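Undergrad: Just passing along the structure, written as structure tokens.
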Amino acid sequence: MTSADNIARGQCFCGAVRFRARLPANWVAHCHCGMCRRSNMAAFVTWVGFPKGAVEVTEGADCLKSYASSPGGRREFCGVCGSPLFAHVPRWAHETHVTRASFLGDVDLKPMGHAFFSDRADWARVDDHLPKRGGPTGTEPLP
Ligand SMILES: [Zn+2]
Ligand SMILES: [Zn+2]
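Numbering (our numbering), first residue to last: 83 to 225.
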């Protein structure tokens, strides 16, 4: 963790909470599940998956609010401006998920696909050619 190139930095909208994440990321994906849509009030949310421990809040940890969004799961957001920042989910217990939009610049991966695509909002159109996953688990390959 010596080269600045191996670090991606991000922050909430107001800048009270700042963080850094050690690259490489595990994956980047668009999530269409109902919890992501409703907790972000968006058609879908783009997440970057990092190994647990790779993400460090460098400023404003006291501003970070946490919400138990599912049994054993929690979402963290800035208590000042409300920006959604992190998610911790039991199914991916070894990872920290970070909203792609909170990064100030590039991460090392582009979005790789869509998850929970069967649950997507019917009022937004997705017409890219990335792989779509969905079904009961949200992550099964769709035709
Ligand atoms: Zn903020
Ligand atoms: Zn989701």
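Glycine included, each C-beta is placed from N, C-alpha and C at the ideal position.
Just so we're clear, the structure is a prediction, and the values are computed from it rather than from any experiment.
(1) Could you give the distance in angstroms between the alpha-carbon of residue 91 and the alpha-carbon of residue 100?
(2) Please determine whether the Cβ atom of residue 139 lies at a distance below 7 angstroms from any heavy atom of ligand 1.
(3) Nearer than 7 angstroms: is that true of the beta carbon of residue 184 relative to any heavy atom of ligand 1?
(4) If you reduce the DSSP assignment to three classes, tell me which class residue 24 lands in.
(5) Near residue 167, which residues of its chain fall below 8 angstroms by C-beta distance, leaving aside the five closest residues on each side in sequence?
(6) Does the distance from the C-beta atom of residue 112 to that of residue 196 stay below 8 angstroms?
TA: Working from what's here:
(1) The straight-line gap separating the alpha-carbon atoms of residue 91 and residue 100 is approximately 8 angstroms.
(2) The closest heavy atom of ligand 1 lies 7 angstroms or more from the beta carbon of residue 139.
(3) Distances from the CB of residue 184 to the heavy atoms of ligand 1 are all 7 angstroms or more.
(4) Any question about residue 24 goes unanswered here, given that the chain covers just 83 to 225.
(5) 92, 94, 99, 101, 146, 158, 159, 160, 180, 181 and 184, listed in sequence order.
(6) The answer is yes: Cβ separation under 8 angstroms.
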